[in-house]
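Data block below; observations after.
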Ligand SMILES: [Zn+2]
């Protein structure tokens with residue numbers, strides 16, 4: 001199975017400087033390539049990878065700074081651009097801005113790379129032109145086949161993302177066949193299951209939230225392009241990074257627990273992208289409830305819904321769990337005992353009290369999770385006759401997907417908002 005491993009890099013000063021240069025060259029190639037593609041589109045023509053790669057080879061004879069960096073990384077940038085333009089359309093692919101884009105580049109020929117263990121804590125890998133790169137060996141790579149290596153700077157540190165084939169396969173049957181659970185991803189509580197578990201964790205501390213308010217106020221008062229502004233931005237980014245890591249951790253751990261304990265996990269098919277779209281609307285048709293919507297958006301993104309779904313499908317590959325997603329309509333308004341649908345049953349964000357049957361009040365998210373489980377089991381039951389467990393995959397099921405996509409630099413896959 002293809003999967004990713006991430007390590008913190010410890011560059012020498014010279015290497016760090018060189019890595020920045022490679023990043024800058026890749027950025028220039030991306031932007032030039034994108035501009036060329038747009039120019040062609042304006043004239044009603046198309047540009048694609050092959051001619052661009054030829055032009056890149058020509059440009060390298062003229063420009064020393066292009067020749068200076070690993071050619072494979074530049075080619076890979078053009079390939080990523082090609083793929084992004086095919087997937088999202090030339091006009092929706094973003095520029096890589098020097099201020100916003102954090103440098104990232106990929107070495108495709110993983111099979112030729114040598115990893116060398118230095119001691120219990122460190123290892124090194126030989127990369128074209130960069131030479132031996134030292135990294136924190138927080139995990140053993142022995143017995144895994146390296147496919148490609150991506151270097152990314154996140155804040156002050158560089159990271160090595162290694163795409164590996166770990167040689168494992170998805171089990172034919174789950175170790176606890178028959179166990180099924182429904183999961184509701186809520187705003188009040190991150191994850192509620194049909195068994196009544198409420199799983200949540202704060203991703204930022206009270207102190208951090210106060211600090212963010214102070215820093216944001218300071219940022220708004222700083223002069224444009226001033227030293228202090230950069231400082232405040234860096235401090236804000238550091239807090240943001242911490243929060244992001246805690247969220248990723250929570251998603252991965254919860255997904256692993258659910259996948260290990262259940263042969264079937266049913267989730268809502270929430271179109272997070274549509275849900276988080278701004279309510280602002282257009283000039284002719286201004287949106288309503290803009291402030292309320294933006295608050296909900298922050299809550300949805302804050303709990304990392306999309307990330308959780310990804311983590312779940314990733315964990316499911318190792319346990320043989322079937323992940324079923326069902327439409328989210330009415331799951332929060334239907335009584336899981338009698339099936340009565342009434343928006344009034346939902347007394348508040350957290351309490352569900354059925355208006356039709358005498359059942360005692362229940363946590364609203366747990367009630368929703370039970371509905372989701374029932375809907376998911378119905379999908380599986382009516383799907384078809386007996387089949388080898390874990391093999392055939394229904395159209396409604398989330399595709400397992402390869403981690404390759406997840407390992408791409410974010411800007412390649414993300415269309416303009
Ligand atoms: Zn009821």
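In full-length UniProt numbering, the protein residues as written are 1 to 417. Think of the CB as a built atom: it goes at the ideal place given N, C-alpha and C, for glycine as much as any other residue.
Residue range of the beta strand (DSSP E) that includes residue i
i	result
residue 193	191-193
residue 123	122-127
residue 114	Run containing residue 114: none; DSSP gives neither H nor E here.
residue 153	145-154
residue 165	157-165
residue 104	104-107
Which listed residue (the options) has its alpha carbon closest to that of residue i
i	options	result
residue 435	52, 37, 28, 44	An answer regarding residue 435 cannot be provided, because it is not within the stretch 1 to 417 covered by the chain.
residue 182	141, 80, 332, 125	332
residue 46	142, 184, 37	37
residue 54	44, 78, 31, 65	78
residue 15	132, 2, 72	132
residue 370	233, 193, 185	193
residue 350	341, 335, 364	364
residue 156	235, 347, 195	235
residue 56	44, 30, 39	30
residue 124	141, 208, 163	141
residue 69	114, 130, 12	130
residue 147	109, 168, 121, 7	109
residue 313	88, 107, 254	254
residue 305	20, 186, 66, 151	186
residue 344	215, 2, 356	356
residue 71	225, 96, 88, 107	107
residue 212	226, 241, 26	241
residue 251	171, 308, 191	308
residue 179	237, 122, 266, 161	266
residue 316	184, 169, 216, 220	169
First and last residue of the uninterrupted alpha helix (DSSP H) at residue i
i	result
residue 49	49-62
Coarse secondary structure for residue i, derived from DSSP in three states
i	result
residue 84	helix
residue 174	coil
residue 130	coil
residue 268	strand
residue 46	coil
residue 182	strand
residue 379	helix
residue 141	coil
residue 99	coil
residue 391	In this prediction, residue 391 scores a pLDDT of 44, lower than 50, which makes its location untrustworthy; no coordinate-derived value is stated.
Check: residue i C-beta below 7 Å from any heavy atom of ligand 1
i	result
residue 359	yes
residue 375	no
residue 340	yes
residue 337	yes
residue 368	no
residue 382	no
residue 356	yes
Uninterrupted beta strand (DSSP E) stretches inside the UniProt domain "Cas12f1-like TNB" (305-372) (no shorter than 3 residues): 322-326
At 3 residues or longer, and completely inside the stretch 200-250: list those beta strand (DSSP E) runs for me, N to C. none
In the UniProt domain "Transposase putative helix-turn-helix" (1-43), which residue ranges form an unbroken beta strand (DSSP E) of at least 3 residues, counting only runs that do not cross its ends? 2-10
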